[in-house]
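A.B. asks:
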Amino acid sequence: MPDTFHLKLDNLSKRYNVGPYVISEFNYEFQKGRATALVGPNGSGKTTLLRLLSVSAFPTSGSIKYGDLNIFNHPHQYLSKVGIVYDQPDLPGYLSTIELLEWVMRNRGLWNSDTQNKINGLLDQLLLDERRNNLIGTYSSGMMKKAQIAAALIASPAILLMDEPFKGLDEESKQATIDLLKDFISNGQILIVSSHIKATLEPICNDYISFPLH
């Protein structure tokens, strides 16, 4: 079962070196069972916020807490609850999707007798066909995106961070992904998803944050 904690941003600010603030004293609480869209033009700060939420960047000031846990003080504990889909794929081309998902589950200590069925069931939902057994390095952009989404979801995270999640997907695969994300939210988890096209997020998102934030 997912954790019941909220994800809280308190006076969060970020700037790079001595440049202007990309995010300035931003306060927000992402609640369980809700999907929040980060919307705005390219370069407006959406990816910066996702980088902070994934602890791949650190704030200039302020904090992010998951329950009572400061995510920057305890990144490994926090990230064990998080699934991430980046805008640009960075997956091992020498593995198949099946092997990648098996590695994720074993690495997190979640492997059991039913895991193989869970992996194949998720890939069926994402419409990734028998090529799930081919090396990721041979994939099209759409297949790569499906592999990313599967890797982010397979461990049943409490929080899912997604940057341009429908990029490269055909309409049928996009709808299949939307259905999966609706299930994810209905299970009480937190979804935070970014896109520069607001209309693509309307089928799944309850809340919207408009960028730039300053």
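In terms of the numbering used here, the sequence shown opens at residue -10 and continues consecutively.
Yeah, the Cβ is synthetic: ideal placement off N, Cα and C, and Gly gets one too.
These figures come from a predicted structure and were not determined experimentally.
1. Strictly by DSSP, which residues pair up with Phe(-1)?
2. Looking at the structure shown, is Asn195 part of a helix, part of a strand, or coil, going by DSSP?
3. Out of curiosity, what's the CA-to-CA distance linking Ser43 and Ile198?
4. Check whether the Cβ atoms of Gly51 and Leu(-4) lie closer than 8 Å to each other.
5. When DSSP labels each residue in this structure, what does Met(-10) get in the three-state scheme?
6. Keeping to the same chain, check which residues put their C-beta closer than 7 Å to that of Thr189; ignore five residues upstream and five downstream.
7. In terms of residues, what are the limits of the alpha helix (DSSP H) holding Asp113?
8. Which same chain residues, not among the five before or five after Glu18, have their C-beta less than 8 Å away from its C-beta?
9. Identify, in the order they occur along the chain, each residue of the same chain with its Cβ nearer than 8 Å to the Cβ of Asp168, setting aside the five sequence neighbours on each side.
10. How about Leu27 and Leu38: are their beta carbons less than 8 Å apart?
11. Using three-state DSSP, classify Ser85 as helix, strand or coil.
12. Which residues does DSSP pair with Cys152 in a beta bridge?
13. So, for Tyr75: in the same chain, excluding its five sequence neighbours on each side, which residues have a beta-carbon less than 6 Å away from its beta-carbon?
14. Does DSSP classify Phe19 as helix, strand or coil?
15. By Cβ distance, which residues of its chain are closer than 6 Å to Pro78, with the 5 residues on each side in sequence left out?
16. Whole angstroms are fine: how far does the CA of Ser183 sit from the CA of Lys107?
17. Taking only the alpha-carbon atoms, compute the straight-line gap between Val7 and Phe47 and give it to the nearest angstrom.
18. Looking at C-alpha atoms only, which residue of Gly98, Leu158, Ser145, Ala147 is the closest neighbour of Leu116?
19. Compare the C-alpha of Lys21 against each of Gly56, Glu14, Gly32, Tyr5 and name the closest.
20. Buried or exposed: where does Ile186 fall if 16 or more other Cβ atoms within 10 Å of its Cβ makes it buried?
21. Here's a check: name, in chain order, each residue in its chain whose Cβ is nearer than 8 Å to the Cβ of Tyr5, leaving out the five neighbours to either side.
C.D. replies: The relevant details are as follows:
1. For the purposes of this step, residue -1 is taken as residue 10 along the sequence shown, with counting starting at 1. One detail in the question is off: residue -1 reads as Asp in this sequence, not Phe. Listed as beta-bridge partners of Asp(-1) by DSSP are Ser52.
2. Within the sequence shown, the letter at position 206 stands for residue 195. Asn195 falls in the coil class under three-state DSSP.
3. Looking up residue 43 in the sequence shown gives position 54. Looking up residue 198 in the sequence shown gives position 209. Straight-line Cα distance between these residues: approximately 17 Å.
4. Locating residue 51 in the sequence shown gives position 62, where the first residue counts as 1. Locating residue -4 in the sequence shown gives position 7, where the first residue counts as 1. It is not a contact, given that the beta carbons lie outside the stated cut-off.
5. Walking along the sequence shown from the start, residue -10 turns up at place 1. In this predicted model, Met(-10) has a pLDDT of only 41, less than 50, meaning its place in the structure is not dependable; the value taken from the coordinates is given anyway. Met(-10) falls in the coil class under three-state DSSP.
6. Locating residue 189 in the sequence shown gives position 200, where the first residue counts as 1. Here the set comprises Phe155.
7. As a first step, residue 113 is located in the sequence shown; it is residue number 124 there, counting from the start. Counting along the chain, the alpha helix (DSSP H) containing Asp113 begins and ends at 104 to 114.
8. Residue 18 sits at position 29 when you count from the first residue of the sequence shown. Closer than 8 Å at the Cβ level, and outside the excluded window around Glu18, lie His(-5), Leu(-4), Lys(-3), Leu(-2).
9. For the purposes of this step, residue 168 is taken as residue 179 along the sequence shown, with counting starting at 1. Apart from sequence neighbours up to five positions away, the residues of its chain that approach Asp168 with a beta-carbon distance below 8 Å are Gln114, ordered along the chain.
10. What you label residue 27 is simply residue 38 of the sequence shown in a count that begins at 1. What you label residue 38 is simply residue 49 of the sequence shown in a count that begins at 1. Yes.
11. Within the sequence shown, residue 85 is the residue found at index 96, counting from 1. Looking at Ser85 - three-state DSSP - the assignment turns out to be strand.
12. Along the sequence shown, read from residue 1 onward, the residue named residue 152 stands at position 163. Per the sequence shown, residue 152 should be read as Asp rather than Cys. Residue pairing by DSSP places Asp152 opposite Ser183 in a beta bridge.
13. Locating residue 75 in the sequence shown gives position 86, counting from the first residue. Excluding five sequence positions before and after Tyr75, the CB atoms of its chain that fall closer than 6 Å to its own CB belong to Asp152, given in chain order.
14. Here residue 19 is taken as the residue at index 30 of the sequence shown, counted from 1. When DSSP states are grouped into helix, strand and coil, Phe19 belongs to the strand group.
15. For the purposes of this step, residue 78 is taken as the residue at position 89 of the sequence shown. Cβ contact annotation for Pro78 (same chain, cutoff 6 Å, sequence separation greater than five): Met133, Gln137, in chain order.
16. The sequence position of residue 107 within the sequence shown is 118, counting from 1. The sequence position of residue 183 within the sequence shown is 194, counting from 1. Going by the C-alpha atoms only, they are around 27 Å apart.
17. Indexing the sequence shown from 1 puts residue 7 at position 18. Indexing the sequence shown from 1 puts residue 47 at position 58. Cα to Cα, Val7 sits roughly 15 Å from Phe47.
18. For the purposes of this step, residue 116 is taken as the residue at position 127 of the sequence shown. Comparing Cα positions, the closest option is Leu158.
19. To locate residue 21, count along the sequence shown from 1; it is residue 32. The residue among Gly56, Glu14, Gly32, Tyr5 with its C-alpha nearest the C-alpha of Lys21 is Gly56.
20. Here residue 186 refers to the residue found at position 197 when the sequence shown is read from its first residue. Here Ile186 is exposed, its C-beta having fewer than 16 other C-beta atoms within 10 Å.
21. Numbered from its first residue, the sequence shown carries residue 5 at position 16. For Tyr5, same chain residues with a beta-carbon under 8 Å away, outside a window of 5 residues either side, are Val11 in chain order.
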